[in-house]
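Undergrad: The structure that follows is given in the form of structure tokens.
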Amino acid sequence: MISILIADDHPVVRRGLKEILKEEKDLKIVDEASSAPEVFNVLRQKKIDIILLDISMPGRSGLDIIPDILNEFPSLLILAISALQEETFAKRVIKAGAHGYLNKESAPEQLIQAIRRIYSGKRYISEKFSEQLAESFVKGKKNKPHDDLSDREFEVLRYLGSGKTINEIAGILKLSATTISTYRARILSKTGLKNNSDLVKYCLNENISLLG
């Protein structure tokens, strides 16, 4: 039996995932979580084999907590799930240590396949994304400006792009305002953007904003 934790801040998404998985006799939904603190609380109390982790939960996002999860629970398998564009986020979550990435628009059969695949010790990315990776390699496709950001810089970019202030981001990520300001300066330098207004427009255009 594969024990699963569903971590997503949207009740309707959690309900939908449970409906998809409830008929599978080898899969068991052990618990749910809607935030990073809840994720760690469950993991510390119950035996979980796989976590279905939304990478855009409020507060500390799923993407942000992947390294911390694996540091404390190194044997845990992580299947990152998101409605965000695969090309940008799949690379980041796999690099952060996740064992697979699945878009929320995928067919139910793909979810079940992804869970069983990573439980068997393999990685999972969609066939579409595999093709995108191969195409970008063959064509020598250039990275977008945000691809050159560190995961922390990318996280700060998304908060800035959603209109959060330096102090608000500092509170969410539990870092000093000075540190967030430093990240902002690095982001502007690496992307060639000039101000917060440019950051908001950039995030919306690239579909990486927390707003959309």
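Quick note: the sequence shown, position 204, residue 637 per the numbering used here, numbers continuous.
Backbone N, C-alpha and C define an ideal beta-carbon position, used for all residues, glycine too.
(1) When you compare the CB positions of residue 582 and residue 624, do they come within less than 9 Å of one another, or not?
(2) Report yes if the C-beta distance between residue 457 and residue 441 is below 9 Å; otherwise report no.
(3) Enumerate, from N- to C-terminal direction, the unbroken beta strand (DSSP E) stretches of 3 or more residues contained entirely within the region 468-531.
(4) Secondary structure at residue 464, three-state DSSP: helix, strand or coil?
(5) Could you give the residue range of the alpha helix (DSSP H) that holds residue 592?
(6) Under a Cβ-count criterion, where at least 16 other Cβ atoms within 10 Å of its own Cβ denotes burial, should residue 538 be classed as buried or exposed?
(7) In terms of alpha-carbon separation, which member of 590, 548, 526, 514 lies closest to residue 503?
(8) Using a Cβ-Cβ cut-off of 6 Å (strictly less than) and excluding sequence neighbours within five positions of residue 467, which residues of its own chain qualify?
(9) Can you tell me which residues form a DSSP beta bridge with residue 642?
(10) Is the beta carbon of residue 602 closer than 9 Å to that of residue 593?
(11) So, at 7 Å on beta carbons, what are the nonlocal neighbours of residue 578 in its own chain, with the 5 sequence-adjacent residues on each side left out?
(12) For the putative contact between residue 499 and residue 540, defined by C-beta atoms under 8 Å, what is the C-beta separation to the nearest angstrom?
(13) Tell me, to the nearest whole angstrom, how far the beta carbon of residue 435 is from that of residue 548; I am working on the premise that it is less than 8 Å.
(14) Determine the closest residue to residue 554 out of 595, 522, 535, 509, with distance taken between C-alpha atoms.
(15) Which residue comes first and which comes last in the alpha helix (DSSP H) that contains residue 557?
(16) Rounded to the nearest angstrom, how far is the Cβ of residue 544 from that of residue 453, given a contact under 8 Å?
(17) What's the C-alpha gap between residue 495 and residue 618?
(18) Rounding to the nearest angstrom, what Cα-Cα distance links residue 438 and residue 641 in this structure?
(19) Looking at residue 586: is its Cβ nearer than 9 Å to the Cβ of residue 616?
(20) By the three-class DSSP mapping on this structure, what secondary structure does residue 436 have?
(21) Can you round the beta-carbon distance between residue 514 and residue 487 to whole angstroms, since I take them to be within the 8 Å contact cut?
(22) For the beta strand (DSSP E) that residue 533 lies in, which residues bound it at each end?
(23) Nearest by alpha-carbon distance to residue 492: which of 455, 635, 556, 589 is it?
TA: On the basis of the data shown:
(1) By one-based count along the sequence shown, residue 582 stands at place 149. By one-based count along the sequence shown, residue 624 stands at place 191. The Cβ atoms of residue 582 and residue 624 lie closer than 9 Å to each other.
(2) If you number the sequence shown from 1, residue 457 lands on position 24. If you number the sequence shown from 1, residue 441 lands on position 8. Between residue 457 and residue 441, the gap from beta carbon to beta carbon reaches 9 Å or more.
(3) With a minimum length of 3 residues, the continuous beta strand (DSSP E) runs that stay inside the region 468-531 are 483-487, 510-515.
(4) The residue labelled residue 464 in the question sits at position 31 within the sequence shown. The answer is strand: DSSP assigns residue 464 an E or B state.
(5) The residue given as residue 592 occupies position 159 in the sequence shown. 584-594 is the extent of the alpha helix (DSSP H) around residue 592.
(6) On the sequence shown, residue 538 is found 105 positions in, with the first residue counted as 1. Exposed is the call here.
(7) As a working mapping, residue 503 is identified with position 70 in the sequence shown. Ranking the options by Cα distance to residue 503, first place goes to 526.
(8) One-based indexing of the sequence shown puts residue 467 at position 34. For residue 467, where only same-chain residues beyond five positions count, the Cβ hits under 6 Å are 442.
(9) Along the sequence shown, read from residue 1 onward, the residue named residue 642 stands at position 209. Note: residue 642 is not bridge-paired with any residue in the DSSP secondary-structure output.
(10) Locating residue 593 in the sequence shown gives position 160, counting from the first residue. Locating residue 602 in the sequence shown gives position 169, counting from the first residue. Yes.
(11) Within the sequence shown, the letter at position 145 stands for residue 578. Excluding sequence neighbours, residue 578 sits near 623, 624, 625.
(12) One-based indexing of the sequence shown puts residue 499 at position 66. One-based indexing of the sequence shown puts residue 540 at position 107. Cβ-Cβ separation between residue 499 and residue 540: approximately 25 Å, too far for a contact (criterion under 8 Å).
(13) Within the sequence shown, residue 435 is the residue found at index 2, counting from 1. Within the sequence shown, residue 548 is the residue found at index 115, counting from 1. That belief holds up - the Cβ atoms of residue 435 and residue 548 are roughly 7 Å apart, short of 8 Å.
(14) Along the sequence shown, one-based indexing puts residue 554 at 121. It is 509.
(15) To locate residue 557, count along the sequence shown from 1; it is residue 124. Counting along the chain, residue 557 falls outside any alpha helix (DSSP H), and DSSP gives it neither H nor E.
(16) Position 111 of the sequence shown, counted from the start, is the residue given in the question as residue 544. Position 20 of the sequence shown, counted from the start, is the residue given in the question as residue 453. Contact flag correct, Cβ pair sits at about 6 Å.
(17) Taking the first residue of the sequence shown as position 1, residue 495 is located at position 62. Taking the first residue of the sequence shown as position 1, residue 618 is located at position 185. Note on geometry: alpha-carbon atoms of residue 495 and residue 618 lie some 24 Å from one another.
(18) Translated into the one-based positions of the sequence shown, residue 438 becomes position 5. Translated into the one-based positions of the sequence shown, residue 641 becomes position 208. Cα to Cα, the separation comes out at about 25 Å.
(19) If you number the sequence shown from 1, residue 586 lands on position 153. If you number the sequence shown from 1, residue 616 lands on position 183. Yes, the pair counts as a contact, with Cβ atoms nearer than the cut-off.
(20) As a working note, residue 436 is residue 3 in the sequence shown. Strand at residue 436.
(21) Translated into the one-based positions of the sequence shown, residue 514 becomes position 81. Translated into the one-based positions of the sequence shown, residue 487 becomes position 54. Contact between residue 514 and residue 487 is confirmed by a C-beta separation of about 6 Å, below the 8 Å threshold.
(22) Taking the first residue of the sequence shown as position 1, residue 533 is located at position 100. For residue 533, the enclosing beta strand (DSSP E) stretches over residues 533-536.
(23) Here residue 492 refers to the residue found at position 59 when the sequence shown is read from its first residue. The residue from 455, 635, 556, 589 with its alpha-carbon nearest to that of residue 492 is 589.
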